[in-house]
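Remarks on the structure that follows.
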Amino acid sequence: MNRRVFLLSGVAGLASRAAVAQAHRPVRVACAADLKFAMDEVAEAFRRETGQAVEPVYGSSGNFRRQIAQGAPFEMFFSADESFVFALADERLTIDRGALYAIGRVVIAIPTGSPLKADPSLFDLGAALRDGRLGRFAIANPEHAPYGRAAEQALRHQGLWEAIRTRLVLGENVAQAAQFAMGGGAQGGIIAQSLALAPQLARLGSHALIPAEWHEPLRQRMALLRSATPTAHAFYDYVQSTPARALFHRYGFVLPGE
Amino acid sequence: MDWQAFTISFQLGLATVAVLLPLGVLVGRWLAYSEFRGKAFVETLFALPLVLPPTVLGYYLLVAFGKASPLGQVWASLTGNSLVFSFEGLLLASIIVNLPFAIQPMQRAFEAIPQDVRDAASVSGLTALAALRRIEIPLAWPGILTGLTLTFAHTLGEFGVVLMVGGSIPGETRTAAIAIYDRVQAFDERGAGLMAAVLLVISLLALGFTAMLSRKAGGRRG
Numbered sequence: 010m011n012r013r014v015f016l017l018s019g020v021a022g023l024a025s026r027a028a029v030a031q032a033h034r035p036v037r038v039a040c041a042a043d044l045k046f047a048m049d050e051v052a053e054a055f056r057r058e059t060g061q062a063v064e065p066v067y068g069s070s071g072n073f074r075r076q077i078a079q080g081a082p083f084e085m086f087f088s089a090d091e092s093f094v095f096a097l098a099d100e101r102l103t104i105d106r107g108a109l110y111a112i113g114r115v116v117i118a119i120p121t122g123s124p125l126k127a128d129p130s131l132f133d134l135g136a137a138l139r140d141g142r143l144g145r146f147a148i149a150n151p152e153h154a155p156y157g158r159a160a161e162q163a164l165r166h167q168g169l170w171e172a173i174r175t176r177l178v179l180g181e182n183v184a185q186a187a188q189f190a191m192g193g194g195a196q197g198g199i200i201a202q203s204l205a206l207a208p209q210l211a212r213l214g215s216h217a218l219i220p221a222e223w224h225e226p227l228r229q230r231m232a233l234l235r236s237a238t239p240t241a242h243a244f245y246d247y248v249q250s251t252p253a254r255a256l257f258h259r260y261g262f263v264l265p266g267e
Numbered sequence: 215m216d217w218q219a220f221t222i223s224f225q226l227g228l229a230t231v232a233v234l235l236p237l238g239v240l241v242g243r244w245l246a247y248s249e250f251r252g253k254a255f256v257e258t259l260f261a262l263p264l265v266l267p268p269t270v271l272g273y274y275l276l277v278a279f280g281k282a283s284p285l286g287q288v289w290a291s292l293t294g295n296s297l298v299f300s301f302e303g304l305l306l307a308s309i310i311v312n313l314p315f316a317i318q319p320m321q322r323a324f325e326a327i328p329q330d331v332r333d334a335a336s337v338s339g340l341t342a343l344a345a346l347r348r349i350e351i352p353l354a355w356p357g358i359l360t361g362l363t364l365t366f367a368h369t370l371g372e373f374g375v376v377l378m379v380g381g382s383i384p385g386e387t388r389t390a391a392i393a394i395y396d397r398v399q400a401f402d403e404r405g406a407g408l409m410a411a412v413l414l415v416i417s418l419l420a421l422g423f424t425a426m427l428s429r430k431a432g433g434r435r436g
């Protein structure tokens with residue numbers, strides 16, 4: 010008897026899943042991790058205005074680029090690095106070459122109680138490396154996270170890269186790097202300004218803007234994928250509208266055309 | 215608190231158990247009663263997921279399920295969907311990962327049935343199927359149940375393989391274990407703590423449940 014109960018519950022589980030999949034489900038959007046808090050607000054504003062639901066999924070742009078090439082069920086991709094969108098466009102997985110939606114900036118973020126100072130010149134970081142104040146310093150993984158690459162370029166620009174390498178703790182994406190930097194595990198980190206400005210992080214410490222010339226610009230591009238529904242198309246337009254631009258602006262993004 | 219992720223985890227756990235119950239009984243019984251050349255190799259193969267790092271397993275499954283693989287292509291031509299980053303792909307991965315958790319306790323339980331009991335069944339004229347249903351499964355039941363409970367609990371906890379094969383797609387492949395990781399990254403300590411506590415309680419209940427049942431079954435047998 011028990012065998013039948015188990016089998017039936019398994020079959021029922023699968024059947025209920027199929028039923029949910031048939032029903033109306035929100036548009037799944039792959040979003041670079043720097044958008045974590047900003048995109049939640051944009052999606053919420055879109056839902057209030059249109060009644061349609063968009064579900065942002067956050068991760069590193071490099072991982073999404075690979076997952077989308079493998080057929081991950083997203084309708085839209087917000088990359089933190091436009092080259093990933095261009096690569097997918099070349100593979101004919103997007104409907105076009107997309108649109109620039111924001112330009113990102115990086116900050117040095119220091120949690121309250123850290124022996125480091127939020128010094129935008131990174132001089133204090135260099136001094137801390139020499140005098141032993143620095144334990145761990147968080148950035149995103151430069152191999153596949155655009156913000157990690159920007160952090161590496163800024164550290165190289167200031168001649169700190171070689172010295173700081175053994176002190177780095179790498180986040181899988183910039184949101185995890187922010188969690189490492191501000192969650193008490195490290196003495197600080199270089200993270201996206203859009204995350205540092207979010208209330209959830211801002212209350213944990215202080216941050217300072219790193220000069221934009223120290224790293225390649227974080228040109229963030231979005232594109233609709235082949236599976237995009239009309240709701241996804243509507244969201245694509247909404248992101249370029251005035252209310253959405255105002256939200257991105259509040260999170261410190263430089264917007265195209267500014 | 216991400217209830218959807220718990221739903222996915224439960225569906226994955228139940229579906230894995232539903233597949234591994236008949237599979238585990240058949241393979242476990244076969245390994246318990248058959249002697250053949252290369253048996254040690256077969257047993258090693260089934261035990262491999264116990265010791266392989268989940269990322270190694272996840273990597274090979276990703277390659278085996280991917281768009282370029284034969285399996286991925288057959289699946290895509292049948293369903294029009296990709297096998298990786300889908301619930302069905304996750305289920306297939308979960309079945310493979312859980313093979314040793316299901317098979318090993320069941321094999322031990324079949325091995326523990328005395329040979330003269332099985333001889334008596336066959337002398338009494340029971341067919342192999344009737345002996346399995348009326349003699350062996352009732353005697354091996356505690357082991358079978360242990361295998362299923364371990365499978366279910368392990369499915370709820372699996373992280374590395376799920377992340378590599380499934381990504382973290384809400385309503386599709388974001389299980390409770392992955393959702394906890396996401397909650398931490400979103401600075402949602404409360405959500406993460408609550409979900410972790412729920413998983414802890416479920417694991418304790420599952421293991422307590424098997425301990426109780428197997429004691430009952432053992433008492434009846436003795």
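Chains as they are written, first to last, in this note's numbering: chain A, 10 to 267; chain B, 215 to 436. Each residue gets a CB set at the ideal place from its N, CA and C atoms; glycine is no exception.
> How many angstroms separate the CA atom of A/GLN209 from the CA atom of B/THR258?
Replying inline: Locating residue 209 of chain A in the first sequence gives position 200, counting from the first residue. Locating residue 258 of chain B in the second sequence gives position 44, counting from the first residue. Rounded to the nearest angstrom, the two C-alpha atoms are 49 Å apart.
>> Between which two residues does the alpha helix (DSSP H) holding A/PRO65 run?
In response: For the purposes of this step, residue 65 of chain A is taken as the residue at position 56 of the first sequence. Unbroken run through A/PRO65 is the beta strand (DSSP E), 63 to 68; no alpha helix (DSSP H).
> Shortest alpha-carbon distance to B/SER308 belongs to which of B/THR360, B/THR424, B/LEU419, B/THR387?
Replying inline: Here residue 308 of chain B refers to the residue found at position 94 of the second sequence. Measuring from the Cα of B/SER308, the nearest candidate turns out to be B/THR387.
>> Classify B/SER382: buried if its beta carbon has 16 or more other beta carbons within 10 angstroms, exposed otherwise.
In response: The residue you call residue 382 of chain B lines up with position 168 of the second sequence. The C-beta of B/SER382 has 16 or more other C-beta atoms within 10 Å across all chains shown, which makes the residue buried.
>> Using the Cβ count rule (16 or more neighbours within 10 Å means buried), how would you classify B/ASP216?
In response: Position 2 of the second sequence, counting from 1, holds the residue named residue 216 of chain B. Under this definition B/ASP216 is a buried residue.
>> Quick check: what's the CA-CA separation for B/ARG435 versus B/ALA425?
In response: Your numbering for residue 435 of chain B matches position 221 in the second sequence. Your numbering for residue 425 of chain B matches position 211 in the second sequence. Interpretation of B/ARG435 is limited by its pLDDT of 49, a score under 50 that renders its predicted location unreliable; no figure is taken from the coordinates.
> Can you list, in chain order, the residues of the stretch 391 to 402 of chain B whose Cβ is nearer than 7 Å to any Cβ on chain A?
Replying inline: VAL398, GLN399, ALA400, PHE401
> Where does B/ARG251 sit, in a helix, a strand or coil, going by DSSP?
Replying inline: Taking the second sequence and counting its residues from 1, the one referred to as residue 251 of chain B is at position 37. DSSP places B/ARG251 in coil when its eight states are reduced to three.
>> For a test of the three-state rule: what should DSSP assign to B/SER300, helix, strand or coil?
In response: Walking along the second sequence from the start, residue 300 of chain B turns up at place 86. Three-state DSSP puts B/SER300 in coil, outside helix and strand.
> Just how far apart, CA to CA, sit A/ARG12 and A/ARG235?
Replying inline: As a working note, residue 12 of chain A is residue 3 in the first sequence. As a working note, residue 235 of chain A is residue 226 in the first sequence. Legend: pLDDT at A/ARG12 = 48, less than 50; position of this residue unreliable, no value from coordinates given.
> If you follow the alpha helix (DSSP H) that B/LEU285 is part of, which residue opens it and which one closes it?
Replying inline: Counting from 1 along the second sequence, the entry for residue 285 of chain B is found at position 71. Per DSSP, B/LEU285 belongs to the alpha helix (DSSP H) from 284 to 293.
> Buried or exposed: where does A/THR121 fall if 16 or more other Cβ atoms within 10 Å of its Cβ makes it buried?
Replying inline: Taking the first residue of the first sequence as position 1, residue 121 of chain A is located at position 112. A/THR121 should be labelled exposed.
> Do we get a CB-CB distance below 8 Å when we pair A/ALA47 with the residues of chain B?
Replying inline: The residue labelled residue 47 of chain A in the question sits at position 38 within the first sequence. Residue contact check for A/ALA47 against chain B: no CB pair falls below 8 Å.
> A/PRO71: which of A/PHE93, A/ALA205, A/SER203, A/PHE257 sits nearest, CA to CA?
Replying inline: Translated into positions along the first sequence, residue 71 of chain A becomes position 62. The displayed chain sequence assigns Gly, not Pro, to residue 71 of chain A. The option with the nearest alpha carbon to A/GLY71 is A/PHE93.
>> Any beta carbon of chain B sitting closer than 8 Å to that of A/ALA111?
In response: As a position in the first sequence, residue 111 of chain A is number 102, starting the count at 1. With 8 Å as the cut-off, A/ALA111 does not count as an interface residue toward chain B.
>> Let me make sure I understand the geometry here. Which of B/LEU377, B/ILE392, B/SER428 has the alpha-carbon closest to that of B/LEU271?
In response: Here residue 271 of chain B refers to the residue found at position 57 of the second sequence. Answer by Cα proximity: B/LEU377.
> Quick one: what's got a C-beta closer than 6 Å to B/ALA316's C-beta in the same chain, skipping five residues either side?
Replying inline: By one-based count along the second sequence, residue 316 of chain B stands at place 102. So the qualifying residues of the chain are LEU234, GLY238, GLY361, THR365.
>> Tell me which residue opens and which closes the alpha helix (DSSP H) that B/TYR274 is part of.
In response: Position 60 of the second sequence holds residue 274 of chain B. Per DSSP, B/TYR274 belongs to the alpha helix (DSSP H) from 268 to 279.
> How many Å lie between B/LEU414 and A/GLY68 at the Cα?
Replying inline: The sequence position of residue 414 of chain B within the second sequence is 200, counting from 1. The sequence position of residue 68 of chain A within the first sequence is 59, counting from 1. In a straight line, the C-alpha of B/LEU414 is about 26 Å away from that of A/GLY68.
>> Using 8 Å as the cut-off, can you tell me whether the stretch 389 to 403 of chain B makes contact with the stretch 217 to 226 of chain B, which would need three or more C-beta pairs spanning the two stretches below that distance?
In response: yes
> Who are the near neighbours of A/ILE77 in its chain, counting only those whose CB is closer than 8 Å to its CB and skipping five residues on each side?
Replying inline: As a position in the first sequence, residue 77 of chain A is number 68, starting the count at 1. The answer, listed in chain order, is ALA39, PHE83, PHE86, LEU97, LEU102, LEU234.
>> Whole angstroms are fine: how far does the CA of B/GLY357 sit from the CA of B/SER428?
In response: Counted from its first residue, the second sequence places residue 428 of chain B at position 214. Counted from its first residue, the second sequence places residue 357 of chain B at position 143. Taking the straight line joining both Cα atoms gives about 8 Å.
> Roughly how many angstroms lie between the CA atoms of A/LEU256 and A/LEU206, to the nearest whole one?
Replying inline: For the purposes of this step, residue 256 of chain A is taken as residue 247 along the first sequence, with counting starting at 1. For the purposes of this step, residue 206 of chain A is taken as residue 197 along the first sequence, with counting starting at 1. Each residue's alpha carbon lies about 12 Å from the other.
>> Less than 8 Å between the beta carbons of A/HIS224 and A/ALA159, yes or no?
In response: Numbered from its first residue, the first sequence carries residue 224 of chain A at position 215. Numbered from its first residue, the first sequence carries residue 159 of chain A at position 150. Yes, they are a contact pair.
> Mind pulling the chain B residues with CB within less than 8 Å of A/ALA81?
Replying inline: Residue 81 of chain A sits at position 72 when you count from the first residue of the first sequence. For the C-beta of A/ALA81, the chain B residues within less than 8 Å are, from N- to C-terminus, SER296, VAL298, PHE299, GLY381, ILE383.
>> Please list, in chain order, the chain B residues whose beta carbon lies closer than 8 Å to that of A/GLY68.
In response: In the first sequence, the residue the question calls residue 68 of chain A occupies position 59. Result: GLY381, SER382.
> With contact counted as at least three CB pairs below 8 Å, one residue from each stretch, are the stretch 405 to 421 of chain B and the stretch 366 to 374 of chain B in contact?
Replying inline: yes
> Is the beta carbon of A/VAL183 less than 8 Å from the beta carbon of A/ALA42?
Replying inline: Position 174 of the first sequence, counted from the start, is the residue given in the question as residue 183 of chain A. Position 33 of the first sequence, counted from the start, is the residue given in the question as residue 42 of chain A. For A/VAL183 and A/ALA42, yes; Cβs fall inside 8 Å.
> Anyone know if the C-beta pair for A/ALA217 and A/ILE200 falls short of 8 Å?
Replying inline: Within the first sequence, the letter at position 208 stands for residue 217 of chain A. Within the first sequence, the letter at position 191 stands for residue 200 of chain A. It is not a contact, given that the beta carbons lie outside the stated cut-off.
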